[in-house]
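For the sequence shown, the numbering used here assigns the number 85 to the initial residue and increments by one for each residue that follows.
Built from N, CA and C at the ideal position, the CB exists for glycine as well.
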Amino acid sequence: MTGPLNGTFAPNTGRWVICAKSPYTSHWGESNCGSWFGAEVKKAGYDGIIITGASEKPVYIEINDDEIQIKSAEFLWRRGTYFTTRKLKEIFENDKAKVICIGVAGENLVKYANIISEQRAAGRIGMGAIFGSKNLKAIIAKGSDLNLDVANKEKLSIAIKKARDYVKSSLASHILGKFGTAATLDMYNVTSELPIKYHTQPKWNLATKLSGITMAETILVKQAFCHSCVIGCGRVIKINEGKYQTEEIKGPEYETICGYGSLILNDDLESITHLNMECNDYGIDTISSSGVIGSLFYHFDLGNIKAVDIDGLKPEWGQIDVVQHLLKKIVHKEGIGKILAEGSNFFAKTFKISEDEIASINNLEITYHDMRSNFGMAIAYGIGPRGPSHNACDAYYTLLGIPLDEIGIKQIDTHSDGKEMAEFCSLLMDYRALYSSMIMCSFCNPLPSQNAAILEATTGIKFGLKEIKSFGERITNIKRLFNVKMGLTPSDDYIPKLLLRPFKEGGSKGRTPDFLKLKELFYNYRNWDPVTGRPRTKLP
Ligand code: SF4
């Protein structure tokens, strides 16, 4: 789906979203992806594409303005996403057309397979497996209508200019643009927000080798931008020589750097770049795949699994050839890969490991902002609408000083587990739910009143701060109702013990959020029923 702002050139609104019931979590599935595909679909004249049913044979969909064709994709089956993207543009004879596609992971129904769009991923909750189940390899789109139908063009262009200027001048935008999403990695090492050795170590003296600053000083060529973006957090990198030599490709983001770096004690940034490229080509989620592989390393280290259980492999922390081997096995569902392709919780159940010792909640691996360093992430991971997500409630980012006071989102102590944190997370979750709908990248933060002006001028619907809040609240509650209908209960809002054990040293020394207290406060604030988990308020 596109959102109302796609194609308007409001800042950072080129993203698109794919939604379905997640084959991984069985709950609400929503992937929000960058790139230029959303704007192209909009230019072709569509707000979205609804795909029902399945094809008997592999196909792809070609959208060329009003002409839509379903074509055979048998020649693309078993091919990676880089080849598929290149080939489809070649056949279409227009390099400006935009492609989304799956790799072999999606074809093989790996539960955390992604859809890849020009090296960006619609990830986390198995949307690639949904495409695979429909035998849908790809969609290529080209549109030519640049005249968007908006309510008030003049007002819109004034509102957009204000918002773009505001975002461009912010410190956060400058830092993200210069050093990418891993800009703050060194700081997170000091505050113990960085996940190290499968969430069991509070700091690591080699972490700086992975930071956005190190990348900028070594392999970075230039920034990459999604459509209409004024920040450019994307990285284009090149490795000139050695084992991981590559021409210019998209570099890894913070989450991937953590997952294939600090989480498994790998300090080689070039190898992470290579793994990122492999994951994108396979079309597999870097966060979940690294989380699953990290859990295997950890439990092998503890002696909970033996080499004989995992095809004779003997993983040692930081050993990249074993990681590559496992990744291949997962994608092709071979040997231990068949179990790992179902995720960390399935892996734990298979080997009778307590799920309290797995960094995964409701069948989804957590992302890489440690909640002992930022207590808001406990709510983001434990109660988020699509399971643990750093985007649906980005306390880690907003509490760096993003000014959202206009809608009551105030800067508070990151170690609060009181009422103010429950309120902060609730309001932020609603605001980001609106972001996912309009659609705007959460790194882009004009004042909420500036966003209201853009929405009103685009849609013609009255938008003030009240509507900004109530629309978001309604979206969060509808997603919650969907999850409850799919069987989610309050006991599913939980955090594994592994993630709550306080560290004995480091930036978060001795601290851990009281999750049950936060959960109760959050339910109270939102007026959710503690027995059923359902929102009790009438939808605004
Ligand atoms: S900030 Fe990054 S993710 Fe967001 S729109 Fe820009 S390039 Fe894309």
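Cα atoms of Gly335 and Cys117: separation of roughly 16 Å, rounded to the nearest angstrom. Every residue with a CB closer than 7 Å to a heavy atom of ligand 1 is listed here in chain order: Asn96, Gly98, Arg99, Gly118, Leu260, Ala308, Phe309, Cys310, Cys313, Ile315, Gly316, Cys317, Gly318, Cys525, Phe527 and Cys528.
A distance below 8 Å between beta-carbons, with the five flanking residues on each side excluded, links His409 to the following residues of its chain, in chain order: Leu397. Contact annotation, Tyr344 with Val407: C-beta distance approximately 7 Å; criterion of less than 8 Å satisfied. Assignment of Gly335 by DSSP, reduced to helix, strand and coil, places it in the coil class.
Measuring C-alpha to C-alpha distances from Glu191 to each of Lys417, Thr451, Gly316 and Ala256 identifies Lys417 as the nearest.
Burial state of Lys245 is exposed, judged by a 10 Å Cβ sphere holding fewer than 16 other Cβ atoms.
Counted as a single uninterrupted DSSP element, the stretch harbouring Leu410 is not any beta strand (DSSP E) but the alpha helix (DSSP H) occupying residues Ile404 to His416. Annotation: the continuous beta strand (DSSP E) that includes Ser156 extends over Glu151 to Ser156. In this structure, the beta-carbon distance from Gly264 to Cys313 does not fall below 8 Å.
When DSSP reads this structure, Gly187 sits in no beta bridge, so it has no partner. For Lys550, no pairing in a beta bridge is given by DSSP.
Using a 10 angstroms sphere on the CB of Pro279, the tally of other CB atoms reaches 16 or more, which defines it as buried.
For Thr543, the CB contacts under 7 Å within the same chain, skipping 5 residues up- and downstream, are Pro88 and Ala235 in chain order.
Nearest to Phe527 by C-alpha distance, out of Leu572, Tyr481, Arg558 and Ile368, is Tyr481.
Ser257 is positioned such that its CB atom lies no closer than 8 Å to that of Ile200. According to the DSSP assignment, Ala443 belongs to no beta strand (DSSP E), since it is labelled neither H nor E.
Annotation for Arg170: the continuous alpha helix (DSSP H) segment containing it runs Thr165 to Phe176. Taking a cut-off of 8 Å for Cβ pairs, the segment 285-303 and the segment 470-478 do not touch, as fewer than three such pairs fall below it.
Contact between Ile348 and Gly378 holds: CB atoms are separated by about 5 Å, below the 8 Å threshold. Residues of the same chain with a CB within less than 7 Å of the CB of Ala104, apart from the 5 flanking positions on each side, are Gly113, Met211 and Ile214 in chain order.
The residue among Ile303, Phe587, Ser372 and Tyr609 with its C-alpha nearest the C-alpha of Asn198 is Ser372.
Judged by their CB atoms, Ile491 and Glu504 are not nearer to each other than the 8 Å cut-off.
Taken through DSSP and simplified to helix, strand or coil, Ser592 comes out as coil.
Ile552 is a Cβ neighbour of Pro532, given a cutoff of 8 Å.
Secondary structure remark: continuous alpha helix (DSSP H) runs of at least 4 residues inside the segment 455-509, in chain order: 460-467 and 479-482.
Here the alpha carbons of Asn561 and Glu441 stand approximately 30 Å from one another.
Taking the C-beta atoms as reference points, Ile186 is found nearer than 8 Å to Gly216. Distance between Tyr196 and Ala266, taken at the CA atoms: about 23 Å. DSSP, read as helix, strand or coil, puts Pro574 in helix. Spanning the alpha carbons of Ile437 and Trp120 requires a straight line of approximately 42 Å.
Counting only residues of its own chain and dropping the five nearest sequence neighbours on each side, Ser346 has a CB closer than 7 Å to the CB of Leu278, Pro279, Ile280, Trp288, Ala291 and Leu294.
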